[in-house]
Amino acid sequence: MISYRWRIRLWGLAFVAPTIVFFLVFKYGPMLWAIGLSFTTYDMMKPPRWVGLENYASIVRDPIFRAALLNTLVYIAGSTVLITLVGLGLALAINTRGRGRRACMSGMFLTNIMPILAVCLVWRFLFHPHGLVNQLLRPLGFGRIDWLTDSTLAMPAIILVTVWRFAPYFMVVFLAGLLTIPTEYYEAAEIDGANVLRRFRHLTLPLLMPVTFFVVVVAALLSARIFLMPFIITGGGPGNATRVLSMLIYETGFSYMKMGRAAAISVVLFVIVMVLTVIQMKLFTRGEEDYA
Amino acid sequence: MRRRAAVSAALAWAGLLPLAALTFLFVLPIIWMATTSFQAGEKMFQLTTEWIPSAWHPENYPNALSRSAFPRFFLNSAIVSASVMLGNLIFCTLAGYGLAKYRFRGDRLLLLVILSTLMLPLEVTLVPTFLVIHALGWVDSYQGLAGPLLIDAFGVFLMRQFILKIPSDYVEAARIDGAGELRILWSIVIPQCRAGLAVLALFSFRDSWDQFLWPLVVVSRDEFRTYPLGLVRFGDDYGNPPTEQMAIAVLATIPVFLLFLVLQRALRKGFDLSALKG
Amino acid sequence: MKNVSNGHAVTRRQAIKRMGALGAGAAAVTAGAPRVFAQPKAPITLSFWTFDNPQQRPWIHKRVNQYMEKNPHVKVDFQWFTFADLGKKVSVGYATGTAPDGFVTGDWLMPTWLARNLIAPLDVKLLGYSSLDAFRKDHADAFVAGAIKDGQAYGYPLWFYGFCNYLNTKQFKEVGLDPVKDQPKTWTELGEVAKRLTIKQGNKFTRQGFKFAMHAAQWTMIQFNPIVSQVGGQWFDTSGRCTINNEAGVKAMTIRASLARQYGAEDPADSIATFPLPQMDWLKERCAMFSCHPIPPAAIKSQNPVMESEGYYLPVQMAGVTPDKRYTTCYGFNFVVNARAPKAKQEALHDMYRFVMSDLVDCWQATAPFTLARKSGWTDDPRVKSFPHVQEIIKAKDNGVFFPRTPIWTELADAMHRAVQKVMLNNADIKTALDEAAAEVDRATAEFKKT
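Residue numbers (this note's numbering), protein chains in the order written: chain A, 461 to 752; chain B, 43 to 320; chain C, 105 to 555.
In structure tokens:
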């Protein structure tokens, strides 16, 4: 008979198996095809032709690729940090006792259910030089701000919309995490004399680690893939100020019909995100054995 | 004791004010969208917003719905998104459980491998995924629309994190009592990660609901179009008031919002359960 | 099987030649021409894709349905997509073997399809013309430049139009200008007139004198292209290198920037233009003049009913560097045939296309004021002549110039769009911006040559 430990292991694999099979067909197959494509030149009409590393050499020499790369890194960093902080902050604020908390949570979550196309259209309009955002800022002493047409402000504007859109979503995730911390822990800590700050640092934060890990990784992944928002709100402009890699991939592949080149850019993005995720894994899952 | 209760009650109320203000700021663009959906067409892009329309135009809604086969589009979106939600709930939970509770060597590597499916942008995998769907004969069908989205690595990751927090002693104790693995999953693990399941249901439904690029590629006939494809068509039509586009956008928020309201209760229940145990 | 289809094709060609001879030299074949043979025909299914437009698409659909009624053995699978998505769908279609048998394409994309041998040359005889020369003479010059290559025609035109300068006559009169007599004929005059029409409060423009469109690459190209041509500039030299950054190019860009920089009559950052309504600023009377394709009254009515009912707008020819060079870009949409479609389907498509375009007055009535590339068969009809301002619109079409003909059109347009953004929004140096654009275009050319 199979030993107990092996039986457990087999069950574990059995649970994960359907997902792996599904991914093999629908994800890994296409991904390998795309990676292979990066070593070819392919315009979708004629069969792909092998060119080795030429695509990679070419994009490294391309100033627009380098600009998009920088924009993407800035965007990922800015969005991830802000989404995590704002999401956690909102969740902590909502998690206090008192009336109206649930209503606020539902209200803020609405930003997530607005169709993405509507989000882009509305915000493009709100950021107009004489639009609502500037109208609200004027009493605070700000003059006219060209949010979407000033090359230094366009990226922050897009990051702002991103945080607006996703922070409430992760707020709900953090809340779900906070809710699973039993209140007795807090009561015990209070009896032991810990104040709010100490309770937060030594109780809440460590117990929230699995959820925080999730939020940081997912926020970074979402930011790396973001496409419709910069595409519709600024079209990558002004100039190349908000052109991120996913936009460049889309343009290169579908507008210019250079699928091989687009695949090469995607592989670069893939490597960046992979490295980021591995770093995050190392940082956040050091203590995971404690939960097993 | 009583003074502390009074102070914390006062703090609770005082804390509400900035929170409410923040909520209001968050919600402002949505209110804009909703107000504009009731305006006359030519008021769409006025820079000084008329928060309460001087003239209400509720006919924007039936007019917008009749521009394209929107009732059908919404139905299609609902069928596809519900299927995707179900698929994710079932398979992501299974996979997340497997990764969280059955520690084998390399399970973190497996997690990375699963997460890697999220690292290549959709645009490059569009064509090969279409080829797979085409080979299966699923072009222009519900299976084609929902198929590639049925299991999402985000979902697997989410369930893994939530199930990790469930102390293993429960699982071990149940095993010693002789419970089968599936029984353990159903009776012990799932009730304790209700909050995670609620979040999973919500975002898998919403991600599918919002999908644009994939339906564009896989569908060419009206009978399978989803509402984002119809919404984008508005963009080509100067004959129709753009406020009608906002009306469709407002309608599109309703199913996800209803789902959220329903799941909010599950979130709250999760809190009560964990407070009661042990 | 093969014999049947060959026999089928020969019979139809003979019938069409007969009908062509009956039509007195003019290209138009009336819709009601009776079929002179009654042999049973093999059923044939055609897939046909087009873009969406509130008037144009329903009219094409109507005509296709009429064609199916008259030809019960033909079944057309008619699908449409948004303007921006049609190209993508067709590309993915070609890549996966699911491309339509026939589709409508913007004529600026013809070199893209042609460079990859994706569209088939057309048999102009099947379209009712005795020769390619007859076909050429019956269409606007700019269309010919875009559709005929190496002695073959590849596109059969639907709509084709140029841009006009649309004036807000009420605002003209407000500042004491006569919209007809004072219409700007040169870029200098345009600047001066625009300056007079501008109203400013502090750093906010209440009214801009003139606006260029900057919301999308295609419109940037449409409006910049004729200026380049007018100053004698060239997009490419004979070796294929991009020369937009030469002296003429700089001059063209300086003119482009002059409305804002020199005359202070435009605020490029202040626009409410959108994809479906690039003329929003003009429709909302935030600017007095706007360069635009023919604007249907329905479009004006949807955003400014008063302007439409009182009619205080006037299209005139756009400005030129000299009064005799008041031309704009012309572009349009063509029926094309998938080169990979079987012969029988290709011929059936010719027949269908010819039928659809056989009643141009009907087309005009449904889609006015969008003009047609064909010269004959509609301009003399009283229903056409009575349309307001139609002469200006037809003149713009007949005098316009085509885009640069290049398979890297999209890359070129994007590079120019970025350059214009840098110049107008970031106040960049013109020569530097054009140098960067030319370098981008040269890189794109090199990339394209690799395939």
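We treat Cβ as the ideally placed atom computed from N, Cα and C, and that holds for glycine. Every value quoted in this text rests on a predicted model; they were computed, and no experiment measured them.
query: Alpha carbon to alpha carbon, how far is B/H99 from A/A563?
result: Translated into positions along the second sequence, residue 99 of chain B becomes position 57. Translated into positions along the first sequence, residue 563 of chain A becomes position 103. Cα to Cα, B/H99 sits roughly 28 Å from A/A563.
- prompt: Taking one C-beta from the stretch 628–638 of chain A and one from the stretch 523–540 of chain A each time, how about it: are there three or more such pairs within less than 8 Å?
  reply: The stretch 523–540 of chain A and the stretch 628–638 of chain A do not touch, with fewer than three beta-carbon pairs separated by less than 8 Å.
message: Quick check on the DSSP output: what are the complete alpha helix (DSSP H) runs of length 4 or more inside the stretch 240–302 of chain B, in order along the chain?
response: For secondary structure counted as the alpha helix (DSSP H) over 4 or more consecutive residues, the stretch 240–302 of chain B holds these complete runs in sequence order: 255–260, 269–276.
- prompt: Under a CB-based cut-off of 8 Å, is A/A494 close to chain B?
  reply: Counted from its first residue, the first sequence places residue 494 of chain A at position 34. Yes, contact with chain B.
field: Beta carbon of C/D242 nearer than 8 Å to that of B/R275
entry: Translated into positions along the third sequence, residue 242 of chain C becomes position 138. Translated into positions along the second sequence, residue 275 of chain B becomes position 233. No; because the gap between Cβ atoms is not below 8 Å, this pair is not in contact.
- request: Quick one: grab the DSSP three-state call for C/C391.
  value: Start at 1 with the first residue of the third sequence, and residue 391 of chain C comes out as number 287. DSSP places C/C391 in strand when its eight states are reduced to three.
message: Can you confirm whether C/D466, when its beta carbon is compared against all beta carbons of chain B, has any partner nearer than 8 Å?
response: Residue 466 of chain C sits at position 362 when you count from the first residue of the third sequence. Interface with chain B (8 Å Cβ-Cβ cutoff): C/D466 is excluded.
message: Strictly under 8 Å for the Cβ-Cβ distance: is C/P162 near chain D by that measure?
response: Any reference to chain D falls outside this structure, whose protein chains are A, B and C.
- prompt: In the structure shown, what three-state DSSP assignment does C/R153 receive?
  reply: Stepping through the third sequence from its first residue, residue 153 of chain C is reached at position 49. Here residue 153 of chain C turns out to be Trp, not Arg, going by the sequence shown. Residue state for C/W153 is assigned as strand, using DSSP reduced to three classes.
query: Taking just the CA atoms, how far does A/T694 sit from A/P589?
result: Position 129 of the first sequence holds residue 589 of chain A. Position 234 of the first sequence holds residue 694 of chain A. The alpha-carbon atoms of A/P589 and A/T694 are separated by roughly 14 Å.
field: Helix, strand or coil at A/Y646 [DSSP, three-state]
entry: Taking the first residue of the first sequence as 1, we reach residue 646 of chain A at position 186. DSSP places A/Y646 in the helix class (H, G or I) of the three-state scheme.
message: Suppose the cutoff is 8 Å on Cβ atoms and the five residues either side in sequence are ignored; what does the same chain contact list for C/F276 look like?
response: Counting from one through the third sequence, the residue named residue 276 of chain C turns up at place 172. Beyond the five residues adjoining it in sequence on each side, C/F276 comes within less than 8 Å, by CB distance, of D282, P283, D286, L301, A392 in the same chain, given in chain order.
field: For C/G210: DSSP bridge partner residues
entry: For this step, residue 210 of chain C is matched to residue 106 along the third sequence. Per the DSSP secondary-structure output, C/G210 pairs in a beta bridge with C/F437.
- prompt: If we count the other Cβ atoms within 10 Å of its Cβ and call it buried at 16 or more, is C/T310 buried or exposed?
  reply: Position 206 of the third sequence holds residue 310 of chain C. Result: exposed.
Euclidean distance between Cα positions of C/E173 and C/Q366: Numbered from 1 along the third sequence, position 69 holds the residue referred to as residue 173 of chain C. Numbered from 1 along the third sequence, position 262 holds the residue referred to as residue 366 of chain C. In this model, C/E173 and C/Q366 are separated by some 60 Å (Cα to Cα).
- prompt: Whole beta strand (DSSP E) runs in the stretch 319–378 of chain C with 3 or more residues, listed along the chain?
  reply: You should have found no qualifying run.
- prompt: Is the beta carbon of C/W386 sitting closer than 8 Å to the one on C/F379?
  reply: If you number the third sequence from 1, residue 386 of chain C lands on position 282. If you number the third sequence from 1, residue 379 of chain C lands on position 275. In this structure, C/W386 lies away from C/F379, with their beta-carbon atoms at least 8 Å apart.
- prompt: Out of curiosity, what's the CA-to-CA distance linking A/M505 and A/I618?
  reply: Position 45 of the first sequence, counted from the start, is the residue given in the question as residue 505 of chain A. Position 158 of the first sequence, counted from the start, is the residue given in the question as residue 618 of chain A. In a straight line, the C-alpha of A/M505 is about 35 Å away from that of A/I618.
task: Under 9 Å between beta-carbons, which chain B residues line up against A/T664? List them in chain order, please.
output: Position 204 of the first sequence, counted from the first residue, corresponds to residue 664 of chain A. By Cβ distance, chain B contributes nothing, its closest Cβ being about 13 Å from A/T664, past 9 Å.
- prompt: Using the beta-carbon count (16 or more within 10 Å), is B/A48 buried or exposed?
  reply: Here residue 48 of chain B refers to the residue found at position 6 of the second sequence. B/A48 sits exposed, since fewer than 16 C-beta atoms from the chains shown fall within 10 Å of its C-beta.
- prompt: Where does the unbroken beta strand (DSSP E) through C/K308 begin, and where does it stop?
  reply: In the third sequence, the residue the question calls residue 308 of chain C occupies position 204. For C/K308, the uninterrupted beta strand (DSSP E) segment begins and ends at 308–315.
query: Using a beta-carbon distance below 8 Å, is B/H176 in contact with chain C?
result: Taking the second sequence and counting its residues from 1, the one referred to as residue 176 of chain B is at position 134. Yes, because at least one Cβ of chain C sits closer than 8 Å to the Cβ of B/H176.
task: Using the Cα positions of C/G504 and C/H165, report the straight-line distance between them to the nearest angstrom.
output: Position 400 of the third sequence holds residue 504 of chain C. Position 61 of the third sequence holds residue 165 of chain C. For C/G504 and C/H165, the distance between alpha carbons rounds to 29 Å.
field: Listed by chain order, chain C residues near A/F714 by CB distance under 7 Å
entry: Start at 1 with the first residue of the first sequence, and residue 714 of chain A comes out as number 254. For the C-beta of A/F714, the chain C residues within less than 7 Å are, from N- to C-terminus, K192, S195.
- prompt: Of all the residues that make up the stretch 79–93 of chain B, which are near chain A by a beta-carbon distance shorter than 7 Å?
  reply: In summary, the residues of the stretch 79–93 of chain B whose CB is separated from some CB of chain A by less than 7 Å are F87, L89, T91, in the order they occur in the chain.
query: For A/N655, which three-state DSSP category applies?
result: For this step, residue 655 of chain A is matched to residue 195 along the first sequence. A/N655 falls in the coil class under three-state DSSP.
- request: Would you list the one or two residues that DSSP bridges to C/I148?
  value: In the third sequence, counting from the first residue as 1, residue 148 of chain C sits at position 44. According to DSSP, C/I148 bridges with C/V178.
message: Counting C-beta neighbours from all protein chains within 10 Å, is the total for C/H177 16 or more, i.e. buried, or is it exposed?
response: What you label residue 177 of chain C is simply residue 73 of the third sequence in a count that begins at 1. C/H177 is exposed by the Cβ-count criterion.
- request: Give the secondary structure of B/S50 by DSSP, where H, G and I count as helix, E and B as strand, and everything else as coil.
  value: Sequence index remark: in the second sequence, residue 50 of chain B carries index 8 (1-based). In the three-state scheme derived from DSSP, where H, G and I count as helix and E and B as strand, B/S50 is classed as helix.
message: Cutting at 7 Å between CB atoms, please list the residues of its own chain near A/V727, excluding the five before and the five after it.
response: Locating residue 727 of chain A in the first sequence gives position 267, counting from the first residue. Excluding residues within five positions, the ones whose Cβ falls inside 7 Å are I495, S498.
- prompt: For A/L552, does the three-state DSSP call read helix, strand or coil?
  reply: Counted from its first residue, the first sequence places residue 552 of chain A at position 92. Helix, per DSSP.
query: What are the uninterrupted segments assigned as alpha helix (DSSP H) that are 4 or more residues long and contained completely in the stretch 67–142 of chain B, given in chain order?
result: Complete alpha helix (DSSP H) runs here, min 4: 102–109.
message: Can you tell me whether A/F602 is buried or exposed? The criterion is at least 16 other CB atoms within 10 Å of its CB, across all chains shown.
response: Here residue 602 of chain A refers to the residue found at position 142 of the first sequence. With fewer than 16 other Cβ atoms within 10 Å, it is exposed.
message: Can you give me the C-alpha to C-alpha distance between C/K315 and C/E351, rounded to a whole angstrom?
response: Numbered from its first residue, the third sequence carries residue 315 of chain C at position 211. Numbered from its first residue, the third sequence carries residue 351 of chain C at position 247. Approximately 25 Å between the Cα atoms of the pair.
field: Exposed unless 16 or more other CB atoms sit within 10 angstroms - verdict on B/L318
entry: Stepping through the second sequence from its first residue, residue 318 of chain B is reached at position 276. Caution is warranted here: a pLDDT of 36 is assigned to B/L318, below 50, making its placement in the model unreliable, and the coordinate value is therefore given only provisionally. Exposed, since its Cβ has fewer than 16 Cβ neighbours within 10 Å.
query: Taking C-beta to C-beta, are C/Q525 and A/P698 nearer than 8 Å?
result: Taking the third sequence and counting its residues from 1, one reaches residue 525 of chain C at position 421. Taking the first sequence and counting its residues from 1, one reaches residue 698 of chain A at position 238. Going by C-beta atoms, C/Q525 is nearer than 8 Å to A/P698.
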